[in-house]
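Student: First the structure, then my questions, so here it is.
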Amino acid sequence: MPLGVAAITERAPVIAYLGLGANLGEPAQQVREAVSRLNNADEVEVTRVSSFYRNPPLGPQDQPWYVNAVARVRTRLGPEELLRLLQQIETAMGRERGERWGPRLIDLDLLLYNGEVIFTPDLVVPHPEMHHRVFVLAPLAEIASRAWHPLLHKSAGDLLAELDAADRAALEPLARSELRAESSKQFKSFLSNR
Ligand code: AMP
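Okay, here's the thing in structure tokens:
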């Protein structure tokens, strides 16, 4: 293909932020696996991953605590394509659609995409719950405190500061020692390459 045509048809890479969470099986391991699957996908590069946070479940309380994290990716995928990739990874990792807020092997959300506001039947960006969830805002602010919410016109750091102190206190960063104790070679090499 002549160079000029390739330049027109190829989409420029953009930055997106993804929320990752799990509370069944070995949650930290599953979040790591999801990061690795994202990074191995065509047209997606994971450029930052937050610490992992342990946090109490939303909704039914008779389920294990969650491990949550946020990843920053550079991608040439459009927002709907990126959502489809997240859903493919969820399915490949054994997630079945169950009760709302029920336990899950992996949950992947598209939080922010290139500063855009998107409303389609399948996709709402910014993610409609992100601004009041401490388990999203704390890891997001950790890696990108100036990430901008294009509807609320506030940064991730500002939105986190507005949450109740009690909400913020409920979140526990997972100690590095706990992470190292787990046996994912894949993620160890991922961490050491950061
Ligand atoms: P959940 O059970 O939280 O994984 O919700 C999945 C449903 O939310 C799917 O039907 C998606 O099409 C829809 N959805 C809408 N906006 C988003 C978003 N920003 N990120 C992930 N899923 C979304």
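So that you can map any letter, position 31 of the sequence shown is 1508 in the numbering used here, and since no number is skipped, the others follow by simple counting. Virtual Cβ for every residue (Gly too), placed ideally from N, Cα, C.
For a test of the three-state rule: what should DSSP assign to I1583, helix, strand or coil?
Tutor: I1583: coil per DSSP, three-state reduction.
Student: DSSP state of S1632, grouped into three classes?
Tutor: Strand.
Student: Touch check for the region 1500-1518 and the region 1601-1610: three-plus C-beta pairs under 8 Å?
Tutor: In short, these stretches do not touch, since the Cβ pair count stays below three.
Student: Taking the alpha helix (DSSP H) that A1505 belongs to, which residues open and close that run?
Tutor: Taken as a continuous stretch (DSSP letters only), the alpha helix (DSSP H) holding A1505 covers 1504-1517.
Student: What are the boundary residues of the alpha helix (DSSP H) that E1558 is part of?
Tutor: Segment 1556-1569, the alpha helix (DSSP H) holding E1558.
Student: Relative to the C-alpha of Q1540, which candidate in A1499, V1547, T1568 has its C-alpha closest?
Tutor: It is A1499.
Student: Kindly give me the distance between the Cβ atoms of L1567 and L1585, rounded to whole angstroms, as I take these residues to be in contact under 8 Å.
Tutor: Before going further, note that residue 1567 is Glu rather than Leu in the sequence given. Confirmed, about 6 Å.
Student: Taking the beta strand (DSSP E) that L1495 belongs to, which residues open and close that run?
Tutor: Per DSSP, L1495 belongs to the beta strand (DSSP E) from 1491-1499.
Student: What's the gap between the Cα of R1488 and the Cα of V1521?
Tutor: Taking the straight line joining both Cα atoms gives about 12 Å.
Student: Excluding five sequence neighbours on each side, which residues of the same chain lie with their C-beta closer than 8 Å to the C-beta of G1502?
Tutor: For G1502, where only same-chain residues beyond five positions count, the Cβ hits under 8 Å are L1582.
Student: Report whether the distance from the Cβ of H1604 to the nearest heavy atom of the ligand AMP is below 7 Å.
Tutor: For the ligand AMP, at least one heavy atom lies less than 7 Å from the Cβ of H1604.
Student: Could you check the C-alpha separation between P1537 and V1547 for me, to the nearest Å?
Tutor: For P1537 and V1547, the distance between alpha carbons rounds to 23 Å.
Student: Beta strand (DSSP E) containing E1522: first to last residue?
Tutor: Counting along the chain, the beta strand (DSSP E) containing E1522 begins and ends at 1521-1526.
Student: Express the C-alpha separation of A1493 and A1624 in angstroms, rounding to a whole number.
Tutor: Distance between the alpha carbons of A1624 and A1493 is about 10 Å.
Student: So what's P1533 in DSSP terms, helix, strand or just coil?
Tutor: Looking at P1533 - three-state DSSP - the assignment turns out to be coil, as it is neither helix nor strand.
Student: Let's test the definition: count the other Cβ atoms within 10 Å of the Cβ of R1645 and tell me whether it reaches 16, buried, or not, exposed.
Tutor: With fewer than 16 Cβ atoms within 10 Å of its Cβ, R1645 is classed as exposed.
Student: With distance defined between alpha-carbon atoms, name the residue in H1608, M1570, V1526 nearest to K1631.
Tutor: Minimum Cα distance to K1631 is reached at H1608.
Student: Any beta-carbon of chain B closer than 8 Å to the one on P1534?
Tutor: Chain labels in this structure do not include chain B; a single protein chain is all it has.
Student: Report the partner residues of W1625 according to the DSSP bridge assignment.
Tutor: Looking at the DSSP assignment, W1625 forms a beta bridge with S1632.
Student: Is D1519 near the ligand AMP, with its Cβ less than 7 Å from a heavy atom?
Tutor: No.
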